[in-house]
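Participant:
2 protein chains.
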Amino acid sequence: MINNAPPSRAGFTIERDTMQYTNFDKIAAYRQLADYAAAWKGFDFRTALDAGRVRQCQTPMAAGLCYSWAAKAVDAGALKLLQALVDEQELIAKYKALLNGEVINTGEKRKVLHQLLRGEQGQPVIENGKNIGEFYRKELQRLGDFANDVHAGKFKGSTGKAFTTVVQIGIGGSDLGPRAMYLALENWAATEGVKKLDAKFISNVDPDDAAAIMASVPLEQSLFVLVSKSGTTQETLANELFVKNKLEKAGLDSAKHMVAVTSETSPLARNPAYLDSFYIDDYIGGRYSSSSAVGGCVLSLAFGPAAFREFLSGAAEADKLALEPDILKNAALLDALIGVWERNFLGYPYTAVLPYSQGLSRFPAHLQQLDMESNGKRVNRDGQPIAYNTGPVVFGEPGTNGQHSFYQLLHQGTSTVPLQFIGFTESQKGDDVTVDGSASQTKLNANLAAQIVAFAKGQSDSNLNKDFPGGRPSSLIYGKRLTPAVLGSLLAHFENKVMFQGFVWNVNSFDQEGVQLGKILTKKVLAGNSGDSALDAYSKMLGM
Amino acid sequence: MINNAPPSRAGFTIERDTMQYTNFDKIAAYRQLADYAAAWKGFDFRTALDAGRVRQCQTPMAAGLCYSWAAKAVDAGALKLLQALVDEQELIAKYKALLNGEVINTGEKRKVLHQLLRGEQGQPVIENGKNIGEFYRKELQRLGDFANDVHAGKFKGSTGKAFTTVVQIGIGGSDLGPRAMYLALENWAATEGVKKLDAKFISNVDPDDAAAIMASVPLEQSLFVLVSKSGTTQETLANELFVKNKLEKAGLDSAKHMVAVTSETSPLARNPAYLDSFYIDDYIGGRYSSSSAVGGCVLSLAFGPAAFREFLSGAAEADKLALEPDILKNAALLDALIGVWERNFLGYPYTAVLPYSQGLSRFPAHLQQLDMESNGKRVNRDGQPIAYNTGPVVFGEPGTNGQHSFYQLLHQGTSTVPLQFIGFTESQKGDDVTVDGSASQTKLNANLAAQIVAFAKGQSDSNLNKDFPGGRPSSLIYGKRLTPAVLGSLLAHFENKVMFQGFVWNVNSFDQEGVQLGKILTKKVLAGNSGDSALDAYSKMLGM
Numbered sequence: 000m001i002n003n004a005p006p007s008r009a010g011f012t013i014e015r016d017t018m019q020y021t022n023f024d025k026i027a028a029y030r031q032l033a034d035y036a037a038a039w040k041g042f043d044f045r046t047a048l049d050a051g052r053v054r055q056c057q058t059p060m061a062a063g064l065c066y067s068w069a070a071k072a073v074d075a076g077a078l079k080l081l082q083a084l085v086d087e088q089e090l091i092a093k094y095k096a097l098l099n100g101e102v103i104n105t106g107e108k109r110k111v112l113h114q115l116l117r118g119e120q121g122q123p124v125i126e127n128g129k130n131i132g133e134f135y136r137k138e139l140q141r142l143g144d145f146a147n148d149v150h151a152g153k154f155k156g157s158t159g160k161a162f163t164t165v166v167q168i169g170i171g172g173s174d175l176g177p178r179a180m181y182l183a184l185e186n187w188a189a190t191e192g193v194k195k196l197d198a199k200f201i202s203n204v205d206p207d208d209a210a211a212i213m214a215s216v217p218l219e220q221s222l223f224v225l226v227s228k229s230g231t232t233q234e235t236l237a238n239e240l241f242v243k244n245k246l247e248k249a250g251l252d253s254a255k256h257m258v259a260v261t262s263e264t265s266p267l268a269r270n271p272a273y274l275d276s277f278y279i280d281d282y283i284g285g286r287y288s289s290s291s292a293v294g295g296c297v298l299s300l301a302f303g304p305a306a307f308r309e310f311l312s313g314a315a316e317a318d319k320l321a322l323e324p325d326i327l328k329n330a331a332l333l334d335a336l337i338g339v340w341e342r343n344f345l346g347y348p349y350t351a352v353l354p355y356s357q358g359l360s361r362f363p364a365h366l367q368q369l370d371m372e373s374n375g376k377r378v379n380r381d382g383q384p385i386a387y388n389t390g391p392v393v394f395g396e397p398g399t400n401g402q403h404s405f406y407q408l409l410h411q412g413t414s415t416v417p418l419q420f421i422g423f424t425e426s427q428k429g430d431d432v433t434v435d436g437s438a439s440q441t442k443l444n445a446n447l448a449a450q451i452v453a454f455a456k457g458q459s460d461s462n463l464n465k466d467f468p469g470g471r472p473s474s475l476i477y478g479k480r481l482t483p484a485v486l487g488s489l490l491a492h493f494e495n496k497v498m499f500q501g502f503v504w505n506v507n508s509f510d511q512e513g514v515q516l517g518k519i520l521t522k523k524v525l526a527g528n529s530g531d532s533a534l535d536a537y538s539k540m541l542g543m
Numbered sequence: 000m001i002n003n004a005p006p007s008r009a010g011f012t013i014e015r016d017t018m019q020y021t022n023f024d025k026i027a028a029y030r031q032l033a034d035y036a037a038a039w040k041g042f043d044f045r046t047a048l049d050a051g052r053v054r055q056c057q058t059p060m061a062a063g064l065c066y067s068w069a070a071k072a073v074d075a076g077a078l079k080l081l082q083a084l085v086d087e088q089e090l091i092a093k094y095k096a097l098l099n100g101e102v103i104n105t106g107e108k109r110k111v112l113h114q115l116l117r118g119e120q121g122q123p124v125i126e127n128g129k130n131i132g133e134f135y136r137k138e139l140q141r142l143g144d145f146a147n148d149v150h151a152g153k154f155k156g157s158t159g160k161a162f163t164t165v166v167q168i169g170i171g172g173s174d175l176g177p178r179a180m181y182l183a184l185e186n187w188a189a190t191e192g193v194k195k196l197d198a199k200f201i202s203n204v205d206p207d208d209a210a211a212i213m214a215s216v217p218l219e220q221s222l223f224v225l226v227s228k229s230g231t232t233q234e235t236l237a238n239e240l241f242v243k244n245k246l247e248k249a250g251l252d253s254a255k256h257m258v259a260v261t262s263e264t265s266p267l268a269r270n271p272a273y274l275d276s277f278y279i280d281d282y283i284g285g286r287y288s289s290s291s292a293v294g295g296c297v298l299s300l301a302f303g304p305a306a307f308r309e310f311l312s313g314a315a316e317a318d319k320l321a322l323e324p325d326i327l328k329n330a331a332l333l334d335a336l337i338g339v340w341e342r343n344f345l346g347y348p349y350t351a352v353l354p355y356s357q358g359l360s361r362f363p364a365h366l367q368q369l370d371m372e373s374n375g376k377r378v379n380r381d382g383q384p385i386a387y388n389t390g391p392v393v394f395g396e397p398g399t400n401g402q403h404s405f406y407q408l409l410h411q412g413t414s415t416v417p418l419q420f421i422g423f424t425e426s427q428k429g430d431d432v433t434v435d436g437s438a439s440q441t442k443l444n445a446n447l448a449a450q451i452v453a454f455a456k457g458q459s460d461s462n463l464n465k466d467f468p469g470g471r472p473s474s475l476i477y478g479k480r481l482t483p484a485v486l487g488s489l490l491a492h493f494e495n496k497v498m499f500q501g502f503v504w505n506v507n508s509f510d511q512e513g514v515q516l517g518k519i520l521t522k523k524v525l526a527g528n529s530g531d532s533a534l535d536a537y538s539k540m541l542g543m
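Just so you know, the sequences run in chain order A and B. Counting from 0, one number per residue, gives the positions in the first sequence under numbering that gives the first Met the number 0. Counting from 0, one number per residue, gives the positions in the second sequence under numbering that gives the first Met the number 0.
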């Protein structure tokens with residue numbers, strides 16, 4: 000057993016004197032779950048999934064959402080063992096330690112504080128006399144004030160025209176989350192009359208990305224948000240210069256058209272090349288940065304600071320609910336555990352995220368990063384090898400589109416893919432049409448309900464080509480309408496789910512050493528000294 | 000053994016007197032491959048992947064593309080057995096039978112003729128005296144003439160304004176392929192000066208999709224392409240009425256703003272509600288319809304008929320190359336076989352598609368449909384159960400974006416995900432910037448080359464958190480620039496790859512019975528008589 004992190008005593012009462020960080024397969028619950036799964040005869044949805052189970056198997060979430068897990072293949076016995084796992088692996092205590100500012104990111108020796116961006120759930124986190132929560136709140140206030148100033152016309156483009164468009168330049172966590180969130184709220188904001196600016200995103204180092212976006216925006220009226228925590232991201236710096244060249248060619252002063260979101264120690268900080276700079280620190284991982292200025296700047300500019308604060312409040316409420324030790328009352332924890340059950344004991348190597356909401360069209364791409372970059376690990380938090388599976392492959396597209404695409408395999412393929420549905424009673428715009436006696440929103444949700452049951456129960460047919468085996472487990476997160484607070488609740492749910500799974504697997508969910516080797520080899524190629532004949536041959540093929 | 004399809008004698012010489020359709024695990028090559036894989040000690044990329052292997056392991060494709068498979072875990076022994084599999088399972092003879100018009104879609108008792116849309120590789124396909132190739136060519140000519148007429152101003156909106164925008168209304172195969180192709184060629188067309196109209200797409204039954212698109216286009220100058228082969232697709236008909244209502248409210252005559260792409264027997268055919276109709280038939284599956292009027296109408300309107308014909312010519316060249324029986328000379332066949340080797344003998348349940356080209360941003364979503372809907376099957380072509388795995392889960396995002404997202408798991412996760420890279424020497428727009436001594440396009444390709452080698456060879460480190468095990472196999476399709484002919488080559492490559500895999504697995508790659516149950520249950524929900532208490536409970540949750 001490894002015990003290198005002394006538990007924090009303040010803020011929360013930690014349940015035990017010494018908190019243990021133990022490999023999953025070394026705890027009693029692992030063996031018990033494995034034995035239980037080995038004796039498992041499968042879950043008979045055709046008899047077990049009835050109205051009673053659907054009504055009963057629900058866990059409230061923040062901002063009025065609800066996690067329905069009736070169509071997951073878990074019974075009372077499995078749930079009891081999963082609760083024992085939570086207690087034995089001290090998942091809530093570890094979450095509290097994280098909130099209190101312990102160095103949970105062991106590889107990089109960093110605290111993990113994205114929850115602190117949206118509320119103070121633990122004790123104040125003080126470092127070298129600096130209250131980090133206060134720092135985050137100050138930056139939140141500053142970016143909100145800046146957005147209000149832009150909306151009020153205090154800042155204008157260098158030819159004196161008001162800004163109509165904001166363009167985020169960033170990649171990975173500086174792109175996927177903010178982009179998914181912008182798309183998730185664009186229709187809401189237009190309907191509520193709070194949409195202030197259009198937003199676009201430049202991410203890829205492929206120059207066609209920046210070229211196409213730059214050709215599509217009104218340069219004189221565009222404000223660029225350059226996002227790089229280190230200030231050294233290759234793609235982002237290349238795209239920054241691409242943008243600056245275009246602004247200069249158009250006779251515009253780029254310093255009046257660009258703000259930076261970065262760390263205080265980066266070369267982008269307090270740099271006169273930018274109209275202003277907003278700060279994050281090393282305790283905010285890229286894929287967890289949507290709640291910081293990385294997401295807040297572009298969203299506050301697009302929809303106003305109030306919308307972003309509502310988003311944060313929904314997330315904060317979710318963070319608070321995630322402290323609940325009873326798995327039946329903690330949706331993020333339960334979702335995490337069911338995922339572990341499916342990954343490690345039922346043997347499913349993937350999960351599909353299927354939002355029945357066009358606004359969430361890129362939310363699966365964000366979750367793909369969040370999950371796969373956090374828990375796609377093969378060593379434990381102390382860098383020792385582990386002998387069990389960790390994070391699954393995550394993919395997804397919005398429904399009903401996916402039904403006409405890859406659902407064939409989900410229903411009748413040779414592998415089982417666990418499913419995560421998301422749905423809302425109301426559309427965002429409320430603009431609908433009735434055909435054949437039902438509105439489109441009703442059709443959307445009829446499809447969603449039908450899919451859950453079709454996957455779970457299947458349908459026998461003597462023609463095996465038309466036979467559906469069923470037994471495909473799914474969960475459903477549902478709510479009334481996709482608003483900023485609901486989006487915050489949803490995002491925090493998945494962040495916390497991934498965190499809990501990382502604690503179960505005893506991995507560090509907050510570093511990403513797996514991206515380094517590619518960067519190193521790329522630099523060698525660009526410097527002309529790869530030292531590898533195969534790499535040289537590939538480079539030559541590709542025109543270098 | 001099953002032999003219910005008499006071989007065609009004309010057009011091609013079929014190699015044997017009777018062609019056999021046999022389950023994969025019943026042929027000799029299956030057992031030989033299984034034995035070979037069982038004795039397999041893994042492929043040591045660190046020593047085997049050198050410049051010589053990279054230069055040698057390449058197979059030319061149509062339109063100047065090349066399939067590089069040096070970084071795939073296959074050796075001469077495996078390749079020999081895979082060639083034996085081709086011969087024993089008669090893959091080329093089956094492809095020829097398909098081209099000649101045999102009923103390859105056994106479940107629906109239909110021919111499979113999407114290759115015929117782009118060229119006549121086999122004998123003329125005649126049915127009830129109708130030459131089907133001639134019918135396809137006539138429709139191609141008609142839609143090209145129509146697009147030219149629109150561009151010449153012969154057709155205008157009902158207020159007399161020229162069309163500037165085309166909006167496709169369709170879902171699944173009527174959306175993903177055409178949308179991916181439009182995005183793939185938009186930058187090319189703008190650069191070449193052949194872009195005629197902007198294109199948008201409405202697919203989801205979520206009313207927010209149609210509402211947002213309708214709010215973003217100039218209605219008076221928008222031409223809508225309604226696509227539904229059957230003319231009964233629930234989502235598409237709902238969206239059609241949504242659009243028509245908006246046009247009427249704007250005082251526009253929808254019959255002057257809408258064309259239909261459908262089958263000749265559908266209610267949409269020869270209907271005065273549409274300006275014109277273009278036809279496909281039952282031999283063109285939705286996910287294979289990009290080469291028909293389904294893709295051709297919107298692409299010819301957006302970029303001109305010549306661009307669409309170039310696309311078809313690239314695809315036709317690929318179809319011809321796919322007739323080659325030597326696996327080292329047939330990229331689609333070799334790609335298919337390596338996929339089977341990975342799926343059935345190395346045990347990998349997924350494949351990632353990673354285009355280093357922003358233009359191909361939605362190409363993985365199209366391939367996801369193409370592959371998972373075609374080969375996500377658990378019965379053979381005769382409806383009998385099979386005892387081996389079929390199609391994998393397919394997912395992907397463009398590089399370098401993906402590097403900052405899910406590559407962590409690909410490099411250091413506990414599971415191996417085979418990879419399919421795509422790259423081009425030149426960008427589409429040729430608009431670039433030099434930072435730190437290299438253009439963005441060079442950085443893009445340096446990253447691509449570096450990733451292939453990093454995945455294959457890894458890098459040892461005594462700190463296991465920074466250790467890369469390598470052994471992650473990948474292939475690379477590369478070419479000069481993404482043009483219409485290159486896109487045609489690329490699309491046909493994957494279509495033919497999926498077809499060959501279907502032949503190996505002895506499944507019907509051309510039906511999709513797995514989508515039916517959801518449709519049936521949805522109708523029951525909407526009619527208020529689901530007959531299932533769980534389904535009623537879910538429906539109630541979702542506001543019904």
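Note that CB positions come from ideal geometry on N, CA and C, so glycine has one too. Keep in mind it's a predicted model, so treat the numbers as computed, not measured.
(1) Give the interface partners of arginine 377(B) over in chain A, defined as CB-CB distance under 9 angstroms, in chain order.
(2) Do phenylalanine 134(B) and glycine 469(B) have their C-beta atoms within less than 8 angstroms of each other?
(3) Note down the Cα distance separating alanine 37(A) from tyrosine 347(A), rounded to an integer number of angstroms.
(4) Give the range of the beta strand (DSSP E) segment to which proline 59(B) is assigned.
(5) Report buried or exposed for threonine 158(B), applying the criterion of at least 16 other Cβ atoms within 10 angstroms of its Cβ.
(6) Check the Cβ of glutamine 515(B) against every Cβ in chain A and list those closer than 8 angstroms, keeping chain order.
(7) Taking Cβ-Cβ distances shorter than 9 angstroms, what residues in chain B pair up with tyrosine 181(A)?
(8) For arginine 471(A), is the classification buried or exposed, using 16 other Cβ atoms within 10 angstroms of its Cβ as the cut-off for buried?
(9) Tell me which residue opens and which closes the alpha helix (DSSP H) that valine 73(A) is part of.
(10) Say whether chain A places a C-beta atom closer than 8 angstroms to the C-beta of glutamine 501(B).
(11) Taking 8 angstroms as the CB-CB cut-off, is lysine 428(A) touching chain B?
(12) When you compare only the Cα positions, how much space is there between aspartate 535(B) and proline 206(B)?
(13) Tell me tyrosine 574(B)'s beta-bridge partners as DSSP assigns them.
(14) So with CB distances below 7 angstroms, who are the chain A contacts of asparagine 244(B)?
(15) Over what stretch of residues does the beta strand (DSSP E) that includes alanine 198(B) continue unbroken?
(16) To the nearest angstrom, how far is the alpha carbon of proline 6(B) from that of leucine 182(A)?
(17) Can you give the beta carbon distance from alanine 69(B) to cysteine 56(B), rounded, assuming they're within the 8 angstroms contact cut?
(18) So threonine 389(A) and glycine 412(B) are in contact, right, with Cβ under 8 angstroms, and what is the actual spacing, rounded?
(19) Looking at aspartate 334(B): is its Cβ nearer than 8 angstroms to the Cβ of tyrosine 66(B)?
(20) Should tyrosine 477(A) be flagged as near chain B, meaning a C-beta pair shorter than 8 angstroms?
(21) Would you call the CB atoms of phenylalanine 344(B) and glutamine 88(B) closer than 8 angstroms?
(22) Considering proline 363(B), what are the terminal residues of the alpha helix (DSSP H) in which it resides?
(23) Within its chain, find whatever has a CB closer than 7 angstroms to the CB of phenylalanine 23(B); leave out the 5 residues flanking it on each side and keep chain order.
(24) Report the rounded CA-to-CA distance for alanine 301(A) versus glycine 358(A), giving the unit in angstroms.
Facilitator: Looking at the atomic coordinates:
(1) Gln411, Gly412, Thr413, Leu463, Asp466, Pro468
(2) no
(3) 15 angstroms
(4) 57–59
(5) exposed
(6) Lys465
(7) What tyrosine 181(A) touches in chain B: nothing, since even the nearest Cβ is about 13 angstroms away.
(8) buried
(9) Run containing valine 73(A): none; DSSP gives neither H nor E here.
(10) The sequence shown places glycine at residue 501(B), not glutamine. Answer no: the Cβ-Cβ gap between glycine 501(B) and chain A never drops below 8 angstroms.
(11) yes
(12) 23 angstroms
(13) Only positions 0 to 543 of chain B appear in the structure, and residue 574(B) is not among them; the question remains open.
(14) Val432
(15) 197–201
(16) Low per-residue confidence applies at proline 6(B): pLDDT is 39, beneath 50, and the placement is therefore not dependable enough to give any value.
(17) 4 angstroms
(18) 7 angstroms
(19) yes
(20) yes
(21) no
(22) 362–374
(23) Tyr29, Tyr387, Val503, Trp504, Asn505
(24) 15 angstroms
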